[in-house]
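S.K.: FYI, the numbering for the sequence shown is -24 to -1, 1 to 638, going by mature numbering (1 follows the signal peptide of the UniProt record, and there is no 0). All residues carry an ideal CB built from backbone N, CA and C; glycine is no exception. The structure displayed is predicted, hence computed values, not measured ones. Submitted below is the structure of interest, expressed as structure tokens.
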Amino acid sequence: MKDAMRRYSLLLLLALLSVWSIQAAEESEINDIGGETEQIYRFHADLHIDTKGHLTVTETIRIYAKGDTFKRGIVRSLPTIRNINGSTIRVGYDVLSVKKNGQEENYLTKSGNIAETYDIYVGEEDVLLSPGVYEYEITYKTTNQIGFFDQYDEIYWNVNGFGWSLGMAHVSATVFLPRGAEAMQNSCYTGELGSTASDCRSQLMDNGAMYFEANHLREGENLTIAVGFTKGIIQYSLWDKIMGPYRNYIFSSLFSLLFFLFLFISWRIYGRDPKKGTVYPLYSPPYNLSPGAISCAVDKRNLPRAISAAITNLCVKGYINISETREGGLFKKRQVMLLRTDKEEELNLPKEEKLILSSLFFSSDSFSFSSKPSSSLFKIFTSFGEKVFEKQRYLVDENMGSGWRTTAIFLWIVWFFIDISYLSRISWPFLFHSICFSIIFLILASIISRIFGYRYTPKKYVYDRIFVFGLVLYCGIAAYWSNIPLWNVVINEINIAMLCTYCLLIGRRSKEYRELLTQIEGFKMYLGTAERNQLEAFNPPKVTPAVFEQYLPYAIALDIADVWGKHFQSLLQKSNISETDQPAFTWAINGRRFSSADIPLLLSLVSNINSSVYSASLSSPNSSGGRTYSRGIGGGSSSSYSGSGGGGFSGGGGGGGGGGGW
């Protein structure tokens, strides 16, 4: 009985001594830093690998908190990307438990900032820590962390990571291999990212586990471990093998293929134009359309040319006279002046021509083109297209395929956000900055497009701006975010190119529109054929000064004014047509009789009108910040090479990340 009591007393004494020694060690740790400075005493990680390749990690982090960095608890930031076996992949985390001093502790998780991390906030926002020593234990499961090589499989792991705001007195890790596996080789590395130093030690334990440790790691330094073990123990399912390293390729390629099929089939059914009819010379404007209408039917974007043709047509009809002056010093510049005549507007005057008369001469009988902004011209440019086909809409309406365009753009946007948030791992704050960056380039692209004559275009052409925006956006993200797989960048640029082409082609012209364009082409054949003997078989009408004058605005609309003028001048010189058969061009030659010598002058004057309208279109008045931050995580970049054979470096594995307090 006495012997038993002695044994129990001895055990009790040993237990008390153990408790005292632990307390003394804690006090010693605090005394080592003077009890004044916060520090991370110990960081230990237990890594358990199962036969399915899943990795369960238990991290034990012992700190001294004083309320400076560690106010409510700790933050553990884990990188969600790594490069393994030559492929950049996303890794997931499932938090299993979080403890503080052995007791379950509240926590919350967030997605990190630009560095793209999975952040675990341990503690409660309204509960502050008292100064003292705390031990946190975080257990989580993660996937896609095992590397596969010809002779072995490998766990390559950054234990603590580079992103901590404090140094660590002691960092260690124990790797528990899957059942039946043996460690074949191992290495460890310490220091800053990229360091190949090995100021650490490793030990094979009796139970087959590998133990690693390093002491006195400073802020920004990390312990990386690597263990190569028996190959074939880990058995991934076929799905995991395919969807792991090749997920980006599969999803990107599959979407691109399906997207192409959707675009091609919908275009083939709904976007193909009716067949072009046979073109014959036509000796009068089709459907009696005005020059402005003809110009817009051929090219809706070139409003300056359409307006020039309409102004010239008003001159031919006797509503406007043209005067040309020279201004300036030594190098005088021609100035075009439009003068309103006394002729009253006819009821059948095209609406776009009425718009020109009412806009240019609403307060004066004269209008001078200049480089200064003009509200009159601005009104013309913004309303001209609407007036042109107000009565002949059925002739030029296109099946613009807006519904199919919208569907295609919607599909691309959905894929874009899936790609950046799931496959390419772009964080939302970084995406916001990229969008702002792209908007700036979009504005610059719009300015450039206006300089080159595409300012006043129908709203349906806003799609080209959207394409520029999407292209610049993705290129900007790809340029500034090196972790985007190259394959994703290439595939998405191909998708954008297909979308651009589709939106330009999906608009199908109506049969009436196709017939109109065919007739316009026939009319252009008549006006623009330099060798007139080619038309003799079609019995063309006699070209008189009046006919030349009548069709000159149409030649301007079709961009063949020079050919039409030279043909008429040649005809006058070679034929017996009297230059004085009919009075013509009084609007340009001040009422005197027309002569063939006036044709170059007339064409020059018409060219000046076109140049003046175009220049004025560029000067017409137009109706018309976020905080940058970054966060380094360290240890997420990874390498596709083996680390256990001795060729690795600090930060080359998975895991790591960083942390701090909150």
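Can you tell me which of ASP26, ILE356, ILE470 puts its alpha carbon nearest to the alpha carbon of LEU230?
M.R.: When each option's Cα is compared against that of LEU230, the closest is ILE470.
S.K.: Would DSSP call ILE25 helix, strand or coil?
M.R.: Three-state DSSP puts ILE25 in a strand.
S.K.: Tell me whether LYS251 is buried or exposed, calling it buried when 16 or more other Cβ atoms sit within 10 Å of its Cβ.
M.R.: When all chains shown are included, LYS251 counts as exposed.
S.K.: Do VAL147 and VAL135 count as a contact pair if the criterion is CB distance below 7 Å?
M.R.: Result yes, Cβ atoms of VAL135 and VAL147 sit closer than 7 Å.
S.K.: Can you grab the Cα-Cα spacing for the pair PHE524 / PHE392, in whole Å?
M.R.: So the two alpha carbons sit approximately 56 Å from each other.
S.K.: Answer yes or no: do LEU72 and GLY633 have a C-beta to C-beta separation smaller than 7 Å?
M.R.: The answer is no: Cβ separation not under 7 Å.
S.K.: Taking only the alpha-carbon atoms, compute the straight-line gap between GLU113 and ASN77 and give it to the nearest angstrom.
M.R.: Going by the C-alpha atoms only, they are around 8 Å apart.
S.K.: For GLY143, which residues of its own chain have a beta-carbon under 8 Å away from its beta-carbon, when the five flanking residues on both sides are left out?
M.R.: Cβ within range, chain order: GLN15, ILE16, HIS192, LEU193, ARG194, GLU195, GLU197.
S.K.: Does ASP70 come out as helix, strand or coil in the three-state DSSP assignment?
M.R.: If DSSP states are grouped into helix, strand and coil, ASP70 belongs with the strands.
S.K.: To the nearest angstrom, how far is the alpha carbon of TRP388 from that of CYS476?
M.R.: Going from the Cα of TRP388 to the Cα of CYS476 covers about 11 Å.
S.K.: Could you please give the first and the last residue of the uninterrupted alpha helix (DSSP H) stretch that includes ASN289?
M.R.: First-last of the alpha helix (DSSP H) with ASN289: 279 to 293.
S.K.: Check whether the region 169 to 185 touches the region 122 to 132, taking contact to mean three or more Cβ pairs, one atom from each stretch, closer than 8 Å.
M.R.: No: the two stretches stay apart, fewer than three of their Cβ pairs being nearer than 8 Å.
S.K.: On a Cα-Cα basis, can you pick out the residue from LEU153, SER141, GLU81, LEU104 that is closest to LYS28?
M.R.: Here the closest residue by C-alpha is LEU153.
S.K.: What would DSSP say about ALA(-10), mapped onto helix, strand or coil?
M.R.: In this predicted model, ALA(-10) has a pLDDT of only 48, less than 50, meaning its place in the structure is not dependable enough to derive any value.
S.K.: To the nearest angstrom, report how far apart LEU279 and GLU362 are at their CA atoms.
M.R.: Taking the straight line from one Cα to the other gives about 12 Å.
S.K.: Would you tell me roughly how many angstroms separate the C-alpha atoms of SER335 and LEU237, rounded to the nearest one?
M.R.: So the alpha carbons of these two residues sit roughly 49 Å apart.
S.K.: Check whether the Cβ atoms of VAL582 and ALA537 sit closer than 7 Å, and answer yes or no.
M.R.: Yes, the pair counts as a contact, with Cβ atoms nearer than the cut-off.
S.K.: To which residues does DSSP link LYS75 through a beta bridge?
M.R.: BP columns for LYS75 point to GLU80, GLU113.
S.K.: Quick one: Cα of THR382 to Cα of ALA282, how far?
M.R.: Straight-line Cα distance between these residues: approximately 30 Å.
S.K.: Would you list the residues sitting across from residue 659 in a DSSP beta bridge?
M.R.: Within the shown structure, residues of the chain are numbered from -24 to 638, placing residue 659 beyond reach of any answer.
S.K.: On a CA-only basis, which of ILE50, ASP22, SER228, ASP102 is nearest GLY635? Give me that one, please.
M.R.: It is ILE50.
S.K.: For THR383, does the three-state DSSP call read helix, strand or coil?
M.R.: THR383: helix per DSSP, three-state reduction.
S.K.: Three Cβ pairs or more, each shorter than 8 Å: is that satisfied between the region 283 to 300 and the region 243 to 260?
M.R.: The region 283 to 300 is not in contact with the region 243 to 260.
S.K.: Shortest alpha-carbon distance to THR119 belongs to which of GLY68, TYR132, SER271, ASN324?
M.R.: That would be GLY68, whose Cα lies nearest to the Cα of THR119.
S.K.: As a quick exercise: from ASP318, PHE345, LYS293, PHE360, pick the residue whose alpha carbon is nearest that of ASN324.
M.R.: Closest by alpha carbon: LYS293.
S.K.: Can you check which of these residues, LYS207, TYR530, LYS117, is closest to ASP70 by C-alpha distance?
M.R.: The candidate whose alpha carbon is nearest that of ASP70 is LYS117.
S.K.: For LEU31 and GLY167, I'd like the C-alpha separation in whole angstroms.
M.R.: Looking at the two C-alpha atoms, the distance is approximately 24 Å.
S.K.: Within 10 angstroms of its Cβ, does ALA473 collect 16 or more other Cβ (buried), or is it exposed?
M.R.: Burial call: exposed.
S.K.: Looking at the unbroken beta strand (DSSP E) that takes in GLU158, where does it start and where does it end?
M.R.: Careful: GLU158 lies outside any beta strand (DSSP E) and carries neither H nor E.
S.K.: Can you tell me the Cα-Cα spacing of ARG58 and GLU189, whole angstroms?
M.R.: Each residue's alpha carbon lies about 23 Å from the other.
S.K.: Taking DSSP's pairing of strands, which residues face SER342 in a bridge?
M.R.: BP columns for SER342 point to LEU315.
S.K.: Specify the secondary structure class of SER53 as computed by DSSP and reduced to three states.
M.R.: Of the three classes helix, strand and coil, the one that applies to SER53 here is strand, per DSSP.
S.K.: Residue range of the beta strand (DSSP E) that MET501 falls in?
M.R.: Run containing MET501: none in the beta strand (DSSP E); it sits in the alpha helix (DSSP H), 487 to 504.
S.K.: I'd like the list of long-range same chain contacts for LEU180, defined as Cβ closer than 7 Å, with 5 residues on each side in sequence excluded.
M.R.: Once the five neighbours on either side are set aside, the close Cβ partners of LEU180 are ALA159, MET186.
S.K.: With H, G and I counted as helix, E and B as strand and the rest as coil, what does DSSP make of ARG248?
M.R.: Coil, per DSSP.
S.K.: Can you say whether THR56 is buried or exposed, counting buried as having 16 or more other CB atoms within 10 angstroms of its CB?
M.R.: THR56 is buried by the Cβ-count criterion.
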